[in-house]
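**Student:**
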Amino acid sequence: MSSEGRRSSSPFNELPEPIFGSSISNAASTSSKPLLRLCYSCRKELNDDENLKSCLACRMKMREYNKKKTEKRRQARQELVTHANMTVDEKIRHVKNSFNPTTSQGNDVTPPTPTGITCLDFNGLSQTIRAKTTNTESYALIKDPESDHKKITWEVARNLAKTHRVYIHYKNPIYKKARQDSYTRQYACTCHLSNVHPHAAAFGKAPPSCTGTITFISQDDSSHPEGIPGQRITVTISHP
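Position 177 of the sequence shown, counted from 1, bears residue number 176 in numbering that gives the first Met the number 0, the numbering being contiguous throughout.
#1: Given 8 Å as the limit, is there contact between the region 210 to 218 and the region 178 to 191, that is, 3 or more CB pairs closer than that?
#2: Out of K71, Y39, T69, point me to the one whose CA is closest to R58's CA.
#3: Just mark P100 as buried or exposed, buried being the case when its beta carbon has 16 or more other beta carbons within 10 Å.
#4: Around the Cβ of S181, are there at least 16 other Cβ atoms within 10 angstroms (buried) or fewer (exposed)?
#5: Please list, in chain order, all residues of the same chain as R157 whose beta carbon is under 7 Å from its beta carbon, the five residues on each side excluded.
#6: Measure the C-alpha to C-alpha separation of I167 and R72 and round it to an integer number of angstroms.
#7: Can you find the residues in the same chain that come closer than 8 Å, C-beta to C-beta, to L55, ignoring five residues on each side of it along the sequence?
#8: Pull up the distance between the alpha-carbon of S222 and that of T162, whole angstroms please.
#9: So the beta strand (DSSP E) I232 belongs to, where does it begin and stop?
#10: According to DSSP, is D47 helix, strand or coil?
#11: Can you tell me the Cα-Cα spacing of V80 and S53, whole angstroms?
#12: Looking at the secondary structure, which residues open and close the alpha helix (DSSP H) in which K150 lies?
#13: Terminal residues of the continuous beta strand (DSSP E) containing I216?
#14: According to DSSP, what are the bridge partners of Q185?
#15: Could I get the ranges of all uninterrupted alpha helix (DSSP H) runs contained in the region 54 to 95, with 4 residues as the minimum, in chain order?
#16: Evaluate V155 with the Cβ neighbour count: other Cβ atoms within 10 Å of its Cβ, from every protein chain shown; 16 or more gives buried, anything less gives exposed.
#17: Under the DSSP definition of a beta bridge, which residues are partnered with I141?
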């Protein structure tokens with residue numbers, strides 16, 4: 000038997016044609032379709048002509064956000080530079096503007112003496128008072144006809160500021176009120192303003208601020224056991 004006869008009679012020649020041709024062609028056709036592209040932010044379908052990861056609406060929102068963020072940083076740097084270049088008087092005005100004291104009425108009464116530590120004299124007051132705490136201290140003395148309540152509060156504020164490092168500018172009170180039997184003088188505490196470095200702006204740090212107040216009140220006092228008229232000086236330091 001010839002070789003050709005053997006090939007024709009072989010059982011393998013009668014196998015059916017492979018059935019994978021159609022599936023291969025279908026897979027090739029499906030792989031040619033473009034993949035679905037979604038926005039990175041909102042997950043909406045992107046157009047074919049958009050080659051970026053985000054849609055136009057999300058890009059506009061991001062631009063607006065970055066614009067506001069950049070503007071805030073610019074304003075913060077400008078404030079730092081302005082504050083570092085301020086003079087002492089300008090810093091005082093800046094502190095004053097941060098306060099909004101209530102306008103006192105003409106028919107108000109003398110404020111009551113705050114409760115707190117009572118000292119024997121000015122030296123006892125100056126030894127216990129500190130600007131970075133919250134306390135109330137007072138002392139009484141015999142009334143001097145030549146020193147009214149206004150003068151007393153000014154002298155106490157000046158002496159504490161000059162000799163005992165109470166952080167106030169005693170010449171620039173933020174609030175004053177004169178009554179018949181008392182006088183009130185209030186200052187903004189500047190305990191943090193004195194520590195502002197002129198090059199703080201270079202480090203991107205906001206200058207520290209203090210919202211505390213130091214109040215001096217001089218009023219008539221009748222606590223002397225023999226009824227001698229006196230004056231009571233009260234100093235209140237308040238740090239919220």
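Beta carbons: idealized from backbone N, C-alpha and C, even for Gly. None of the values given here were measured: they were computed from a predicted structure.
**Tutor:** Well, looking at it:
#1: yes
#2: Y39
#3: Bear in mind that the predicted position of P100 carries a pLDDT of just 47, short of 50, making it unreliable; the figure below should be weighed with that in mind. Classification of P100: exposed, given that the 10 Å Cβ count is below 16.
#4: buried
#5: Y169
#6: 31 Å
#7: E49
#8: 29 Å
#9: 229 to 237
#10: coil
#11: 38 Å
#12: 148 to 162
#13: 212 to 220
#14: Y174, T214
#15: 55 to 83
#16: buried
#17: G229
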